[in-house]
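When the count follows this note's numbering, it moves up by one through the sequence shown with no breaks and lands on 79 for the last residue.
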Amino acid sequence: MKKLVVILGLSVTLVACNNEADSTARTKDSLDSIANVRKDVIDSSAEVRKDIIDSTTEQKKEALDRLDSLNRRDSATRQ
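In structure tokens:
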């Protein structure tokens with residue numbers, strides 16, 4: 001999120017400090033660039049969240065396997 005703010009701030013600053021006459025094409029290019037940066041941030045955030053979900057799921061599965069193996073050992077010693 002911080003990267004997004006920095007990139008947007010830098011983009012706005014560069015556009016604002018432009019001494020040449022503004023053209024529609026440059027403005028459109030800037031808007032496209034900003035949109036692409038935002039999309040990249042969203043994509044990377046989604047990938048991080050997917051990785052977190054996957055690792056959490058794996059940890060829960062491992063915990064269930066350990067619990068199951070403990071229950072099997074416990075029931076074997078009772079017989």
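Glycine residues also receive a C-beta, built at the ideal position from the N, C-alpha and C atoms. Since the structure is predicted, the reported quantities are computational estimates derived from the model, not experimental observations.
| Asked | Found |
| --- | --- |
| Pairwise C-alpha distance: Asp32 and Ala99 | Given that the chain is displayed from residue 1 to residue 79, the structure contains no residue 99 and the question cannot be resolved. |
| Per-residue DSSP class, three states only, for Ser23 | coil |
| Euclidean distance between Cα positions of Arg66 and Lys39 | 41 Å |
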